[in-house]
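Participant: I'd like to ask you about the structure that follows.
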Ligand code: FES
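What follows is the structure in structure tokens.
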């Protein structure tokens, strides 16, 4: 379990092991554009303001992963206890 802070909407959500960040965000009533929900299309790409990302998608290249400022929230998770997203 880790926390996701949504910088624009001012909410902090808990993301448990059995749910995606996308599910947590949608559960908080925030709509996000999605398509594949499998980490392959790039539609759900979201800016990350802080925190360590556990990238699990097939969209970003190594440089983009290392930069750590964007993620696919349908599949990727957090390595740190907290992520701050630009949502
Ligand atoms: Fe396709 Fe997330 S919805 S990568």
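Residue numbers (full-length UniProt numbering): 228 to 314. We treat Cβ as the ideally placed atom computed from N, Cα and C, and that holds for glycine.
Does the stretch 248-262 come close enough to the stretch 281-294 to have 3 or more Cβ pairs within less than 8 Å?
Facilitator: Not touching, per the Cβ criterion.
Participant: Determine, using beta carbons only, whether residue 233 and residue 278 come nearer to each other than 8 Å.
Facilitator: The count along the chain shown starts at 1 and reaches residue 233 at position 6. The count along the chain shown starts at 1 and reaches residue 278 at position 51. Not in contact: residue 233 and residue 278 (Cβ atoms no closer than 8 Å).
Participant: What would DSSP say about residue 275, mapped onto helix, strand or coil?
Facilitator: Your numbering for residue 275 matches position 48 in the chain shown. Three-state result, residue 275: strand.
Participant: Roughly how many angstroms separate the alpha carbons of residue 295 and residue 306, rounded to a whole number?
Facilitator: In the chain shown, residue 295 corresponds to position 68, counting from 1. In the chain shown, residue 306 corresponds to position 79, counting from 1. The alpha-carbon atoms of residue 295 and residue 306 are separated by roughly 11 Å.
Participant: Ignoring anything shorter than 4 residues, give me the alpha helix (DSSP H) runs that lie fully in the UniProt domain "2Fe-2S ferredoxin-type" (229-314), in order along the chain.
Facilitator: Fully enclosed alpha helix (DSSP H) runs of 4 or longer: 248-254 and 289-294.
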